[in-house]
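Asks:
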Amino acid sequence: MTAETVKPSGPVHRPRRRTHPAVVNALKLLGLLLVLGWCLFPFLWMGMTSLRSGSVALTDPNIFQGPFSLSNYEQVFDLGFQFALRNSLIVAAVTTAICIPVASLAGYALARLPMAGKFALLAATLVATLFPPVALVNPLYQVYLKLNQWTGINLLNSYAGMIIPYVALTLPLAIFILATFFAGIPREIEESAKVDGATPFQAFLRVVAPLAAPGVGAAAILTFVYSTNEFLLAFSFAPRDLNVQTVPVFVGTFERVGYENPIGQIMAASVLVSVPLILFALVLQRRIVAGLTSGAVKG
Amino acid sequence: MAKTQSVSTRRGLGERAMGRIFLAPSFAFMAVIALFPVFYAIGMSLYSIRGFHQEFTGFDNYARVLTDAGFFNAVGNTLVFTVASVSLEFVVGMAFALIMHQAFVGRGLTRAVILVPWVIPTAVAAQVWRYMFDHNPGFVNSVLGTDVNWLRDPAWSMVGIISADVWKTAPFVALLLLAGLQTIPKDYYEAARVDGATVVQRFWFITLPLLRPAIVVALLFRTVDALRMFDFAYVFAGYSNSLATLSVYAQRFLVAEPELGYANALSTVTFVIVMIVGLAFISRMGRHMVGDVARKEK
Numbered sequence: 001m002t003a004e005t006v007k008p009s010g011p012v013h014r015p016r017r018r019t020h021p022a023v024v025n026a027l028k029l030l031g032l033l034l035v036l037g038w039c040l041f042p043f044l045w046m047g048m049t050s051l052r053s054g055s056v057a058l059t060d061p062n063i064f065q066g067p068f069s070l071s072n073y074e075q076v077f078d079l080g081f082q083f084a085l086r087n088s089l090i091v092a093a094v095t096t097a098i099c100i101p102v103a104s105l106a107g108y109a110l111a112r113l114p115m116a117g118k119f120a121l122l123a124a125t126l127v128a129t130l131f132p133p134v135a136l137v138n139p140l141y142q143v144y145l146k147l148n149q150w151t152g153i154n155l156l157n158s159y160a161g162m163i164i165p166y167v168a169l170t171l172p173l174a175i176f177i178l179a180t181f182f183a184g185i186p187r188e189i190e191e192s193a194k195v196d197g198a199t200p201f202q203a204f205l206r207v208v209a210p211l212a213a214p215g216v217g218a219a220a221i222l223t224f225v226y227s228t229n230e231f232l233l234a235f236s237f238a239p240r241d242l243n244v245q246t247v248p249v250f251v252g253t254f255e256r257v258g259y260e261n262p263i264g265q266i267m268a269a270s271v272l273v274s275v276p277l278i279l280f281a282l283v284l285q286r287r288i289v290a291g292l293t294s295g296a297v298k299g
Numbered sequence: 001m002a003k004t005q006s007v008s009t010r011r012g013l014g015e016r017a018m019g020r021i022f023l024a025p026s027f028a029f030m031a032v033i034a035l036f037p038v039f040y041a042i043g044m045s046l047y048s049i050r051g052f053h054q055e056f057t058g059f060d061n062y063a064r065v066l067t068d069a070g071f072f073n074a075v076g077n078t079l080v081f082t083v084a085s086v087s088l089e090f091v092v093g094m095a096f097a098l099i100m101h102q103a104f105v106g107r108g109l110t111r112a113v114i115l116v117p118w119v120i121p122t123a124v125a126a127q128v129w130r131y132m133f134d135h136n137p138g139f140v141n142s143v144l145g146t147d148v149n150w151l152r153d154p155a156w157s158m159v160g161i162i163s164a165d166v167w168k169t170a171p172f173v174a175l176l177l178l179a180g181l182q183t184i185p186k187d188y189y190e191a192a193r194v195d196g197a198t199v200v201q202r203f204w205f206i207t208l209p210l211l212r213p214a215i216v217v218a219l220l221f222r223t224v225d226a227l228r229m230f231d232f233a234y235v236f237a238g239y240s241n242s243l244a245t246l247s248v249y250a251q252r253f254l255v256a257e258p259e260l261g262y263a264n265a266l267s268t269v270t271f272v273i274v275m276i277v278g279l280a281f282i283s284r285m286g287r288h289m290v291g292d293v294a295r296k297e298k
């Protein structure tokens, strides 16, 4: 800390580095606690509020003030929140299951296969990640109406009606992440498989694809999270029908019943969707970080 | 190089065909589901559509955009939201990244927990923050010791959605920057320290320049996301002018006051604005990012 502690031990050229290690460690720990507190405090508020019954939750800001009960959770289930959870899961899972295999092929082609205009295609993929969903709402809605007129297939208020645009919107980022991962796999491995008599397709399927598994996982997780998060298109194409309504629409458009403010029910629903997603994030954090940062960091 | 060349010419035909076949599904799908609707929207934006009455009016809708006070209000809201939230996210995210980079005990836990806000659906986070700001029960007021009706006043509700967005995405920025920090060799700092550089100098002359690629990527994703933001504004204030962003305003003419032609003109303008800003970013760093993939391939 002071010059005195430095003098006997250290030479003159490091005069400022001797802050007491315990102080440094305490500061670092304090910093981490700050980060943790930042990330978690709304969940404390959400959880406590979900346990308080409506009128108290609305008049008293002190979240530790009871009475507490599970009535909000009962009411949310009575309103069919479990269906919204199911719908979100199905939409996100199917979107991921379609997007990732298709994107893997394109990512591999862009990273490895010889083709003209590769740079332009990669750039176009990157640009396509910017696509604002609001530009899709009305034209797709019209297309769905026309499709219904002509063929009788109704995509409004259906899972497919959401999954189709989600795949289109998640493909660019998935392709880009996968191309980055494929490009990182040593070419020699693939060449040696071909020397051993594998066709290009076998080399891709048997040798390269398994090695890219971490990248595939990362892209799949990001696609899944995007699909559970999307609000605007789900809200436009499947606004009310509980058979298809997803969680963001259920929570984001929660209407008050009568005059009572639904704060408790909304927080109960938020807790019910947050718990599985948080577990998902904690379990898969390594993959998520790899996916999020693959474009940002070289090598 | 020569060896690779010979191998790929031997297999040339097979691989070229395979490349086209592999790319076709993705690009065909994106063209039909994303690109075609954009042109469809441009087509519809040339009509005046009210109910079943439809009339070709050329660029009248775009002329109307340019004289529509509501549109400029939406531009203003979007701009304020974007500039404020992205710069705050950058500052907070950078602070978090530096904290996490310094710490060793508990870093793994923090890196896991920092994903939690990111994984929560925006509409859910918006509801939670809306009620935290709400006058009843007044959680934010009681914490700050204020008595503000946050949701009634446009300026204060803007503060509300900015806070919510910064809470949700500053950790995401921190993750991107942390990954960048971890690629900077420790020797650089040692050398600078021996030369007598202060903490601030080391940050300014070593960390910031070497972190540039990660910073640009983080800013790109955050800026574009903020420009096209819908969820926070809609959940906080519906279609009202107080928080209407470009996306909300375009959506209003589809749902609340249906005028399809005008709505399509607005969404096309939004599309163009988002793309121009995104392209400005990508033209600065895209060569670097795309080049990475292209270079590794050799």
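Chains as they are written, first to last, in my numbering: chain E, 1 to 299; chain D, 1 to 298. Glycine residues also receive a C-beta, built at the ideal position from the N, C-alpha and C atoms.
Quick one: using the 10 Å Cβ neighbour count with 16 as the cut-off for buried, is E/ASN25 buried or exposed?
Replies: Classification of E/ASN25: exposed, given that the 10 Å Cβ count is below 16.
Asks: If you check the beta carbons only, do D/LEU181 and D/ALA97 fall under 8 Å apart?
Replies: yes
Asks: Out of D/THR268, D/ALA123, D/THR110, which has the shortest C-alpha to C-alpha gap to D/LEU246?
Replies: D/THR268
Asks: For E/THR96, go through chain D and note every residue whose CB falls closer than 8 Å to its CB, in chain order.
Replies: Result: empty, since nearest Cβ-Cβ is about 15 Å, beyond 8 Å.
Asks: Just curious, the beta strand (DSSP E) that D/ILE49 is in, first and last residue?
Replies: DSSP places D/ILE49 in the uninterrupted beta strand (DSSP E) bounded by 47-50.
Asks: Quick check: is the beta carbon of D/ILE33 nearer than 8 Å to any beta carbon in chain E?
Replies: yes
Asks: Among E/VAL167, E/PHE224, E/PRO114, E/THR180, which has the Cα closest to the Cα of E/GLY215?
Replies: Selected option, being the one with the closest Cα: E/THR180.
Asks: Within 8 Å (strictly less), CB to CB, does D/TYR189 reach chain E?
Replies: Among the CB atoms of chain E, none fall inside 8 Å of the CB of D/TYR189.
Asks: Mark E/PHE64 as exposed unless 16 or more other C-beta atoms lie within 10 angstroms of its C-beta, in which case mark it buried.
Replies: exposed
Asks: Looking at C-beta atoms only, is the number of pairs between the region 146-161 of chain E and the region 194-212 of chain E that lie closer than 8 Å three or more?
Replies: No, because fewer than three Cβ pairs between the region 146-161 of chain E and the region 194-212 of chain E fall closer than 8 Å, the two stretches do not touch.
Asks: Which residues in the same chain as D/ALA214 place their Cβ atom closer than 6 Å to its Cβ, once the five residues preceding and following it in sequence are excluded?
Replies: Excluding five sequence positions before and after D/ALA214, the CB atoms of its chain that fall closer than 6 Å to its own CB belong to LEU176, LEU177, GLY180, given in chain order.
Asks: According to DSSP, which residues form a beta bridge with D/PHE221?
Replies: In the DSSP secondary-structure assignment, D/PHE221 is not bridged to any residue.
Asks: Please state the DSSP three-state secondary structure of E/GLY10.
Replies: Residue placement at E/GLY10 is flagged as unreliable, the pLDDT there being 43, under the threshold of 50; the coordinate-derived value follows with that caveat. In the structure shown, E/GLY10 sits in coil (DSSP, three-state: anything other than H, G, I, E or B).
Asks: Is E/HIS20 close to chain D, meaning its C-beta is less than 8 Å from at least one C-beta of that chain?
Replies: Residue contact with chain D for E/HIS20: absent (no Cβ-Cβ distance below 8 Å to any residue of chain D).
Asks: What are the boundary residues of the beta strand (DSSP E) that includes D/GLU55?
Replies: First-last of the beta strand (DSSP E) with D/GLU55: 53-56.
Asks: For D/PHE27, which three-state DSSP category applies?
Replies: helix
Asks: Do the CB positions of E/ILE288 and E/ILE221 come within less than 8 Å of each other?
Replies: yes
Asks: Using a Cβ-Cβ cut-off of 6 Å (strictly less than) and excluding sequence neighbours within five positions of D/ALA140, which residues of its own chain qualify?
Replies: Sequence check: residue 140 of chain D is Val here, not Ala. Cβ within range, chain order: MET132, PHE133.
Asks: Rounded to a whole number of angstroms, what is the C-alpha to C-alpha distance between D/ILE114 and E/LEU30?
Replies: D/ILE114 and E/LEU30: Cα-Cα distance of roughly 16 Å.
Asks: In the DSSP assignment, what residue or residues form a beta bridge with E/GLU74?
Replies: Per DSSP, none; premise fails for E/GLU74.
Asks: Which chain D residues are close to E/GLN285, counting only those with a beta carbon under 7 Å from its beta carbon?
Replies: ARG111, ALA112, LEU115
Asks: Tell me the start and end of each unbroken beta strand (DSSP E) in the region 45-121 of chain D that is at least 3 residues and wholly inside, in chain order.
Replies: 47-50, 53-56
Asks: Going along chain E in order, which residues have a C-beta closer than 8 Å to the C-beta of D/LEU151?
Replies: What D/LEU151 touches in chain E: nothing, since even the nearest Cβ is about 12 Å away.
Asks: So D/VAL248 and D/TYR234 are in contact, right, with Cβ under 8 Å, and what is the actual spacing, rounded?
Replies: At roughly 6 Å, the Cβ-Cβ gap stays under 8 Å, so D/VAL248 and D/TYR234 are in contact.
Asks: Could you have a look at E/PHE68 and say whether DSSP puts it in helix, strand or coil?
Replies: strand
Asks: Have a look at D/THR226 and D/ASP153 and give me their C-alpha separation to the nearest angstrom.
Replies: Contrary to the premise, residue 226 of chain D reads as Ala rather than Thr in this sequence. Distance between the alpha carbons of D/ALA226 and D/ASP153: 21 Å.
Asks: Suppose the cutoff is 8 Å on Cβ atoms and the five residues either side in sequence are ignored; what does the same chain contact list for E/ILE266 look like?
Replies: VAL251, PHE254
Asks: Taking the straight line between their C-alpha atoms, what separation do you get for E/MET46 and E/LEU40?
Replies: 10 Å
Asks: Nearest to D/ILE120 by alpha carbon, out of D/ALA164, D/GLY43, D/ASP60?
Replies: D/ALA164
Asks: Based on the DSSP output, what are the partners of E/GLU188 in its beta bridges?
Replies: Looking at the DSSP assignment, E/GLU188 forms no beta bridge with any residue, so it has no partner.
Asks: Taking all protein chains shown into account, do 16 or more other C-beta atoms lie within 10 angstroms of the C-beta of E/ALA174, making it buried, or fewer, making it exposed?
Replies: buried
Asks: Does DSSP put D/GLU257 in a helix, a strand or coil?
Replies: Residue state, collapsed to three classes: coil.
Asks: Check whether the region 14-24 of chain D touches the region 108-124 of chain E, taking contact to mean three or more Cβ pairs, one atom from each stretch, closer than 8 Å.
Replies: yes
Asks: Residues of chain D with CB under 7 Å from E/LYS146, in chain order?
Replies: Chain D residues near E/LYS146: none, gap ~10 Å exceeds 7 Å.
Asks: Would DSSP call E/GLU255 helix, strand or coil?
Replies: coil
Asks: Would you mind listing the alpha helix (DSSP H) stretches within the region 170-232 of chain E that are 4+ residues and don't spill past its ends, in chain order?
Replies: 187-195, 213-229
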